[in-house]
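So the sequence shown is numbered by the numbering used here: it starts at 62 and just counts up by one.
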Amino acid sequence: MEITIFGTGYVGLVTGTCFAEAGNHVVGVDIDPSRIERLSQGESVIFEPGLSEMLQRNLKAGRLEFTTDPQRGIDHASVVFICVGTPPNEDGSSNLSAVFSVAETIGRLMTKQTIIVDKSTVPVGTGDRVAAIIRDELRKREESIPFAVISNPEFLKEGAAIDDFQRPDRIIVGSNDPWATEIMRELYSPFNRNHNRLMVMDLRSAEFTKYAANALLATKISFMNEMANIAERIGVNIENVRVGIGSDPRIGYSFIYPGCGYGGSCFPKDVSSLEKVAESVGYEAQLVRAVNRVNDRQKDQLFEKIFAHFDGDLGGKTIAVWGLAFKPNTDDMREAPSINLMTALWNAGATVQAYDPVAMKEAAHLFSGEIDSGQLVLMDDAEAALTGADALAVCTEWRTFKMPDFELLRTTLSNPVIFDGRNMLDPDRVEREGLIYYGIGIGANQFTRQPATA
Numbered sequence: 062m063e064i065t066i067f068g069t070g071y072v073g074l075v076t077g078t079c080f081a082e083a084g085n086h087v088v089g090v091d092i093d094p095s096r097i098e099r100l101s102q103g104e105s106v107i108f109e110p111g112l113s114e115m116l117q118r119n120l121k122a123g124r125l126e127f128t129t130d131p132q133r134g135i136d137h138a139s140v141v142f143i144c145v146g147t148p149p150n151e152d153g154s155s156n157l158s159a160v161f162s163v164a165e166t167i168g169r170l171m172t173k174q175t176i177i178v179d180k181s182t183v184p185v186g187t188g189d190r191v192a193a194i195i196r197d198e199l200r201k202r203e204e205s206i207p208f209a210v211i212s213n214p215e216f217l218k219e220g221a222a223i224d225d226f227q228r229p230d231r232i233i234v235g236s237n238d239p240w241a242t243e244i245m246r247e248l249y250s251p252f253n254r255n256h257n258r259l260m261v262m263d264l265r266s267a268e269f270t271k272y273a274a275n276a277l278l279a280t281k282i283s284f285m286n287e288m289a290n291i292a293e294r295i296g297v298n299i300e301n302v303r304v305g306i307g308s309d310p311r312i313g314y315s316f317i318y319p320g321c322g323y324g325g326s327c328f329p330k331d332v333s334s335l336e337k338v339a340e341s342v343g344y345e346a347q348l349v350r351a352v353n354r355v356n357d358r359q360k361d362q363l364f365e366k367i368f369a370h371f372d373g374d375l376g377g378k379t380i381a382v383w384g385l386a387f388k389p390n391t392d393d394m395r396e397a398p399s400i401n402l403m404t405a406l407w408n409a410g411a412t413v414q415a416y417d418p419v420a421m422k423e424a425a426h427l428f429s430g431e432i433d434s435g436q437l438v439l440m441d442d443a444e445a446a447l448t449g450a451d452a453l454a455v456c457t458e459w460r461t462f463k464m465p466d467f468e469l470l471r472t473t474l475s476n477p478v479i480f481d482g483r484n485m486l487d488p489d490r491v492e493r494e495g496l497i498y499y500g501i502g503i504g505a506n507q508f509t510r511q512p513a514t515a
């Protein structure tokens, strides 16, 4: 099929490249000329395992191209995806200006029957507004061109997005037009062969499904972090509790790992947006509101542990930070807990020496002022970050951090202490190696830890 993708950020680039990989001819449209130039040369603008190779392969095959010309994109396609950003407004609601701008452009330029697919995460009713905008633009032109608006929310995990797209758990299609639904079935058929994972529902239900899914996952994380904070205060090892409750198939092990809070472009934004949607219809979503509040508080946990360990005196201290991205296998630092930690450390007079396997460029972009002032030093590797440091804090559970050189840690750190924001290290092993360990829901030498056994 001929497909156009408006927006070449995370969702748009992965979506377009994967559709091209399946044999479709895809045009990506973006308003950023430098981004389009980089993509056209085969340079991925985001870090996602396997994406660069797939991008280059499909460019070479002629199945994928990029442009800043919306007319080229609309003339090309019978199916147009809207994959632009919906960042939060100051009040927590979603900023839909980019979505509506694309809708206006489509209505102004379309010349043939077109399916408009909203893949951006948007509040309920956005699809109806997109359709109204397109109808209004067609009316101005005195044109009557058939079109359909569909909701097709993305469920891509950063770090595993290509696999999620090509082997989806579900494909949600929100449509009120049977003819458009059948075209979507055909489009997704290469990714839906072994088992029928395509679920058709009405437009508004599809829009809400995305919000409900993210809010529930975020709720599990915040619930477990709340349990961890209680456990730490009553002498309970939260990791034993995690194993105990996760074995219940009604609960499962996914998203019940305690830590220093969630981040990224989805959970914080979508939970806030859902709260505002409820508020707009006169409903107080108390649980939804609490999820983000618990997470905001959780992001302070590592700093509070460091502050208490050093008796409130962090002036002149240097803290090594391992992991800057909000999760492994991505360079995305949006809403990352590392930002909260570093900001608090700087405000307390400390310096940070940080390392992340892929997010260093993003950190340099975000914190150029702190780098210039000497508050932040980006190091070449994890071991270098330890040199001259008083303590180590782990913010991201990169695999490369899971088996550290404990002797190097003990002999290099001025104070042999680790603050593990992801509970990725074995506390008993750390302490046997002569270091003090602080985890989430696991205090330093507060109680005897007996591992849970099946």
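Note that beta-carbon positions come from the ideal geometry of N, C-alpha and C, so glycine has one too. All values derive from a computational prediction rather than experimental measurement.
Subject >> Secondary structure, beta strand (DSSP E): runs of 3+ residues fully inside the segment 146-217 >> reply: 175-179, 208-212
Subject >> Same chain, Cβ closer than 8 angstroms to Ala-425, neighbours up to 5 away in sequence not counted >> reply: Here the question's residue 425 lines up with position 364 in the sequence shown. When the five nearest sequence neighbours on each side are left out, the beta carbons in the same chain lying within less than 8 angstroms of the beta carbon of Ala-425 are those of Ile-432, Leu-439, in order along the chain.
**OP:** Give the secondary structure of Phe-508 by DSSP, where H, G and I count as helix, E and B as strand, and everything else as coil.
**Re:** Sequence index remark: in the sequence shown, residue 508 carries index 447 (1-based). In this prediction, Phe-508 scores a pLDDT of 43, lower than 50, which makes its location untrustworthy; no coordinate-derived value is stated.
Subject >> Whole-angstrom distance between Phe-316 and Ile-306, CA atom to CA atom >> reply: Position 245 of the sequence shown, counted from the start, is the residue given in the question as residue 306. Position 255 of the sequence shown, counted from the start, is the residue given in the question as residue 316. Distance between the alpha carbons of Ile-306 and Phe-316: 12 angstroms.
Original post:
Given 8 angstroms as the limit, is there contact between the segment 113-122 and the segment 295-315, that is, 3 or more CB pairs closer than that?
Top reply: no
Subject >> Boundaries (first-last residue) of the beta strand (DSSP E) holding Gly-235 >> reply: Counted from its first residue, the sequence shown places residue 235 at position 174. Here the beta strand (DSSP E) through Gly-235 covers 232-235.
Subject >> Burial state of Gln-359 (16 or more Cβ within 10 Å) >> reply: Taking the sequence shown and counting its residues from 1, the one referred to as residue 359 is at position 298. Its Cβ being crowded by 16 or more others within 10 Å, Gln-359 is buried.
Original post:
Does the beta-carbon distance from Gly-502 to Glu-293 come in below 7 angstroms?
Top reply: In the sequence shown, counting from the first residue as 1, residue 502 sits at position 441. In the sequence shown, counting from the first residue as 1, residue 293 sits at position 232. In contact: Gly-502 and Glu-293 (Cβ atoms closer than 7 angstroms).
Original post:
If you count every other CB in all the chains shown that lies within 10 Å of the CB of Gln-102, and 16 or more means buried, which is it?
Top reply: Stepping through the sequence shown from its first residue, residue 102 is reached at position 41. So Gln-102 counts as exposed.
Subject >> Rounded straight-line distance, which links the Cα of Pro-239 to that of Glu-63 >> reply: Start at 1 with the first residue of the sequence shown, and residue 63 comes out as number 2. Start at 1 with the first residue of the sequence shown, and residue 239 comes out as number 178. Computed Cα separation, rounded: 20 angstroms.
**OP:** Give me the Cα-Cα distance between Pro-488 and Ile-367, rounded to the nearest whole angstrom.
**Re:** Here residue 488 refers to the residue found at position 427 of the sequence shown. Here residue 367 refers to the residue found at position 306 of the sequence shown. Roughly 17 angstroms between the two C-alpha positions.
Original post:
So, is Glu-423 buried or exposed, given that buried needs 16 or more other C-beta atoms within 10 angstroms?
Top reply: The sequence position of residue 423 within the sequence shown is 362, counting from 1. With 16 or more other Cβ atoms from the protein chains shown falling within 10 Å of its own Cβ, Glu-423 counts as buried.
**OP:** Would you check if there are 3 or more beta carbon pairs closer than 8 angstroms linking the segment 79-97 to the segment 407-417?
**Re:** no
Subject >> Identity of the residues DSSP links to Phe-462 by a beta bridge >> reply: Translated into the one-based positions of the sequence shown, residue 462 becomes position 401. Bridge partners of Phe-462: none, in fact.
Subject >> Distance, Gln-227 Cα to Ile-144 Cα >> reply: Taking the first residue of the sequence shown as position 1, residue 144 is located at position 83. Taking the first residue of the sequence shown as position 1, residue 227 is located at position 166. It should be noted that the sequence gives Cys, not Ile, for residue 144. When rounded, the distance between both Cα atoms is 18 angstroms.
Original post:
Looking at the unbroken beta strand (DSSP E) that takes in Leu-125, where does it start and where does it end?
Top reply: Within the sequence shown, numbered from 1, the residue matching residue 125 stands at position 64. That run of the beta strand (DSSP E) goes 125-128.
Original post:
Thinking just about the alpha-carbon of each residue, which of Glu-492, Arg-246, Leu-74, Arg-258 is nearest to the one in Ala-222?
Top reply: In the sequence shown, counting from the first residue as 1, residue 222 sits at position 161. When only C-alpha atoms are compared, the closest one is Leu-74.
**OP:** Please go through the same chain and pick out, in chain order, the residues whose beta-carbon is closer than 6 angstroms to the beta-carbon of Met-262, but skip the five residues on each side of it.
**Re:** The residue labelled residue 262 in the question sits at position 201 within the sequence shown. Taken in chain order, the residues that qualify are Gly-235.
Original post:
Where does Asn-408 sit, in a helix, a strand or coil, going by DSSP?
Top reply: Within the sequence shown, residue 408 is the residue found at index 347, counting from 1. Asn-408: helix per DSSP, three-state reduction.
Subject >> Burial state of Arg-471, where buried means 16 or more other Cβ atoms lie within 10 Å >> reply: The residue given as residue 471 occupies position 410 in the sequence shown. Its Cβ having fewer than 16 others within 10 Å, Arg-471 is exposed.
**OP:** Reducing DSSP to helix, strand and coil, say where Asp-481 ends up.
**Re:** As a working mapping, residue 481 is identified with position 420 in the sequence shown. Of the three classes helix, strand and coil, the one that applies to Asp-481 here is strand, per DSSP.
**OP:** Pull up the distance between the alpha-carbon of Asn-390 and that of Cys-456, whole angstroms please.
**Re:** Reading the sequence shown from its first residue, position 329 is the one you call residue 390. Reading the sequence shown from its first residue, position 395 is the one you call residue 456. Approximately 14 angstroms, taken between the alpha carbons.
**OP:** Return yes when the Cβ of Gly-77 is within less than 7 angstroms of the Cβ of Gly-89, no when it is not.
**Re:** As a working note, residue 89 is residue 28 in the sequence shown. As a working note, residue 77 is residue 16 in the sequence shown. If you check the CB distance, Gly-89 and Gly-77 come in under 7 angstroms.
Subject >> For Glu-63, the three-state DSSP class (helix, strand or coil) >> reply: Your numbering for residue 63 matches position 2 in the sequence shown. Under the three-state reduction of DSSP output, Glu-63 falls in the strand class.
**OP:** State the start and end residues of the unbroken beta strand (DSSP E) segment that holds Gly-89.
**Re:** Position 28 of the sequence shown holds residue 89. That run of the beta strand (DSSP E) goes 86-90.
Original post:
Between Val-491 and Val-338, what straight-line distance do the alpha-carbon atoms span, to the nearest angstrom?
Top reply: Position 430 of the sequence shown, counting from 1, holds the residue named residue 491. Position 277 of the sequence shown, counting from 1, holds the residue named residue 338. Taking the straight line from one Cα to the other gives about 46 angstroms.
Original post:
Using the C-alpha atoms, what's the distance from Pro-131 back to Met-171?
Top reply: What you label residue 171 is simply residue 110 of the sequence shown in a count that begins at 1. What you label residue 131 is simply residue 70 of the sequence shown in a count that begins at 1. About 10 angstroms.
**OP:** Check each candidate in Asp-481, Val-163, Asn-353 and name the one with the smallest Cα separation from Phe-30.
**Re:** No statement about residue 30 is possible, as the shown extent of the chain runs from 62 to 515 and does not include it.
Original post:
From which residue to which residue does the beta strand (DSSP E) around Met-262 run?
Top reply: By 1-based counting over the sequence shown, the position of residue 262 is 201. Its beta strand (DSSP E) spans residues 259-262.
**OP:** Determine contact between the segment 178-196 and the segment 150-165, defined as no fewer than three beta-carbon pairs at a distance below 8 angstroms.
**Re:** yes
**OP:** Please report how far the alpha carbon of Glu-444 lies from the alpha carbon of Val-72, in whole angstroms.
**Re:** For the purposes of this step, residue 444 is identified with residue 383 of the sequence shown, where counting begins at 1. For the purposes of this step, residue 72 is identified with residue 11 of the sequence shown, where counting begins at 1. Answer to the nearest angstrom: the Cα atoms are 34 angstroms apart.
Subject >> Alpha carbon of Asp-372 to alpha carbon of Leu-217, nearest angstrom >> reply: On the sequence shown, position 311 is the one that residue 372 refers to. On the sequence shown, position 156 is the one that residue 217 refers to. Rounded to whole angstroms, Asp-372 to Leu-217 spans 43 angstroms at the Cα level.
Subject >> N- and C-terminal bounds of the beta strand (DSSP E) containing Tyr-498 >> reply: One-based indexing of the sequence shown puts residue 498 at position 437. It spans 497-499 - the beta strand (DSSP E) in which Tyr-498 sits, taken as one unbroken run.
**OP:** Kindly give me the distance between the Cβ atoms of Gly-220 and Pro-110, rounded to whole angstroms, as I take these residues to be in contact under 8 angstroms.
**Re:** As a first step, residue 220 is located in the sequence shown; it is residue number 159 there, counting from the start. As a first step, residue 110 is located in the sequence shown; it is residue number 49 there, counting from the start. Right, their Cβ atoms sit about 7 angstroms apart.
**OP:** State the beta-bridge partners of Gln-414 as determined by DSSP.
**Re:** As a position in the sequence shown, residue 414 is number 353, starting the count at 1. Paired residue(s): Ala-381, Val-438.
Original post:
What residue ranges within the segment 241-298 form continuous alpha helix (DSSP H) runs of no fewer than 4 residues, ordered along the chain?
Top reply: 264-294
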